[in-house]
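To keep things clear, I will list the structure first and then write my remarks on it.
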Amino acid sequence: MDNIGQRALIVEGGAMRGIFSCGILDHFLAQEFSPFDSFWGVSAGASNLAAYLAKMPGRNLKIYLDYSRRKEFIKPHKFLLGGNVMNLDWMWQITLVELGIDKTVLQADHRPFFLGVTRQDTGMAEYHTPTTDILVETMKASSALPILYPRGVKLNQHYYVDGGVADAIPVAEAIRRGARKIMVLRSRPASYRKPTPQLTFLLKRLLKDHPSLISPMLTRYQRYNEAIELMNNPPEGVEIIHICPPENFQLKRLSQDESSLKQAYSLGKEMGKKAISLWEKAH
Numbered sequence: 001m002d003n004i005g006q007r008a009l010i011v012e013g014g015a016m017r018g019i020f021s022c023g024i025l026d027h028f029l030a031q032e033f034s035p036f037d038s039f040w041g042v043s044a045g046a047s048n049l050a051a052y053l054a055k056m057p058g059r060n061l062k063i064y065l066d067y068s069r070r071k072e073f074i075k076p077h078k079f080l081l082g083g084n085v086m087n088l089d090w091m092w093q094i095t096l097v098e099l100g101i102d103k104t105v106l107q108a109d110h111r112p113f114f115l116g117v118t119r120q121d122t123g124m125a126e127y128h129t130p131t132t133d134i135l136v137e138t139m140k141a142s143s144a145l146p147i148l149y150p151r152g153v154k155l156n157q158h159y160y161v162d163g164g165v166a167d168a169i170p171v172a173e174a175i176r177r178g179a180r181k182i183m184v185l186r187s188r189p190a191s192y193r194k195p196t197p198q199l200t201f202l203l204k205r206l207l208k209d210h211p212s213l214i215s216p217m218l219t220r221y222q223r224y225n226e227a228i229e230l231m232n233n234p235p236e237g238v239e240i241i242h243i244c245p246p247e248n249f250q251l252k253r254l255s256q257d258e259s260s261l262k263q264a265y266s267l268g269k270e271m272g273k274k275a276i277s278l279w280e281k282a283h
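Heads up, the sequence shown is in UniProt numbering, so the first residue is 1 and it goes up one at a time.
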């Protein structure tokens, strides 16, 4: 699927920081704003986009404020036992049963929805457009942080992990496939640049069972910062609108503070108004 239309929406991940883009997308739904030809989501961004495309406002807000804060989801003691700190299996099972996802609406929308994942045995980025039958497993794969959910998720014959490992903001890929007017929903302030990793010896040790992920994990800061540079200096004929939280945005990746999460969601809803205005003013 090399030609995907000129207007693209890209949503960054960031675990609990994704509640900011959740607020933006819920505002888009309220305004029936969806002028895009393709959609690109990574990790939490993919999950937020799925709820948006299924036209289910409030669905993912409940996940952030309720399910993600339950003791069944984050189990730090599992780290010491070599298990999964994030219980993605429980999360996806219970939210599907109790919240559902409207497959009928998803199937009726024929615009491509790309989910960024990282193949575990190569460390390379892939961009999947799954059918509704395997959408949930693909979303799980896109969110499977290698150290917190080390075994990855099997899709067809291969295992995959968090798309942010290989390509956290797939703006270059969207441009390569023909996008020329792009909106990017970020989960970090505009000035943020990913720092070089610390404790590299520990990271290598934790990934010893998946050696192909070591290099991408050590160098992902480079690709992340290159994506930001591309957004700030797009090629001729390409316009990129990036919507970022304010510079004082301090929400942590695994934040459990309800007040901070609600504030970030409300901030996202407000920024949704600005996003629509910027899009409509752009060429």
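Where is the CB? At the ideal position from N, CA and C, for every residue including glycine.
Whether residue i touches residue j by CB criterion (7 Å)
{"i": "W40", "j": "A174", "result": "yes"}
{"i": "H242", "j": "R193", "result": "no"}
{"i": "P112", "j": "S38", "result": "yes"}
{"i": "L61", "j": "C22", "result": "yes"}
{"i": "L261", "j": "I101", "result": "no"}
{"i": "I24", "j": "G272", "result": "yes"}
{"i": "A190", "j": "L230", "result": "no"}
{"i": "P216", "j": "A166", "result": "yes"}
{"i": "A275", "j": "E239", "result": "no"}
{"i": "L99", "j": "R59", "result": "yes"}
{"i": "L9", "j": "M183", "result": "yes"}
{"i": "residue 344", "j": "Y159", "result": "Only positions 1 to 283 of the chain appear in this structure, which leaves residue 344 out of reach."}
{"i": "I4", "j": "R176", "result": "no"}
Cβ-Cβ separation, residue j to residue i (assumed contact under 8 Å), whole Å
{"i": "G116", "j": "V161", "result": "That pair is no contact at about 11 Å."}
{"i": "L213", "j": "Q120", "result": "7 Å"}
{"i": "P57", "j": "A15", "result": "P57 to A15, Cβ: 21 Å. No contact."}
{"i": "T219", "j": "G163", "result": "Going by Cβ atoms, the distance from T219 to G163 rounds to 15 Å, so no, they are not a contact pair."}
{"i": "R7", "j": "F36", "result": "5 Å"}
Bridge partner(s) assigned by DSSP for residue i
{"i": "V117", "result": "E126 and D162"}
{"i": "A8", "result": "S38 and I182"}
{"i": "E239", "result": "K181"}
{"i": "I276", "result": "Answer is none; I276 lacks a bridge partner."}
{"i": "M86", "result": "I74"}
{"i": "K140", "result": "For K140, which the question treats as bridged, DSSP gives no partner whatsoever."}
{"i": "V153", "result": "Y160"}
Within-7 Å CB hit, residue i to chain D
{"i": "L185", "result": "No chain D appears in the structure shown, which is made up of a single protein chain."}
The segment 144-160 in contact with the segment 192-201 per 3-pair CB rule at 8 Å: No contact exists between the segment 144-160 and the segment 192-201.
Is there contact between the segment 47-56 and the segment 25-34, where contact requires at least three CB pairs shorter than 8 Å? The segment 47-56 is in contact with the segment 25-34.
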